[in-house]
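**Student:** Structure provided below as structure tokens; questions to follow.
Residue numbers (my numbering): 13 to 130.
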């Protein structure tokens, strides 16, 4: 995920400090994700989503789909390769489902925070 976050920051053409300030996240936290490949917290994901609503959180978390909403998205039919071991495909799909669960949780938390701001 750190590579994708770097890619998005570069795409926005902002410094890490500017990105962190806009999101209300400490620069150290962002640098830790970028440089030490640590996981990003759900709170930080919420703040990124609130301040950069164009970012596709599924892409940020899993690498699937496009960086921005509205761009083409990879579909399940494109990940199946009949030459691959079916168990590898099954494992991969289970991982994708788990990633989706994490994304759903993060989005629900974002919705809760936004509802509190009403």
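All C-beta atoms, glycine included, are put in the ideal place defined by N, C-alpha and C. If you're wondering where the values come from, they're calculated on a predicted model, not measured in any experiment.
Could you tell me the boundaries of the alpha helix (DSSP H) in which residue 29 lies?
**Tutor:** Segment 28-35, the alpha helix (DSSP H) holding residue 29.
**Student:** Going straight from the alpha carbon of residue 43 to that of residue 110, what length do you get?
**Tutor:** Distance between the alpha carbons of residue 43 and residue 110 is about 26 Å.
**Student:** In terms of alpha-carbon separation, which member of 41, 25 and 24 lies closest to residue 32?
**Tutor:** Per the Cα distances, 41.
**Student:** Here's the rule I'm using: 16 or more other beta-carbon atoms within 10 Å means buried, otherwise exposed. How should residue 68 be labelled?
**Tutor:** Buried, since its Cβ has 16 or more Cβ neighbours within 10 Å.
**Student:** Would you identify the three-state DSSP class for residue 67, choosing helix, strand or coil?
**Tutor:** If DSSP states are grouped into helix, strand and coil, residue 67 belongs with the strands.
**Student:** Going by Cα to Cα distance, which pick from 14, 112, 75 and 21 is closest to residue 63?
**Tutor:** Of the candidates 14, 112, 75 and 21, the one whose C-alpha sits nearest the C-alpha of residue 63 is 21.
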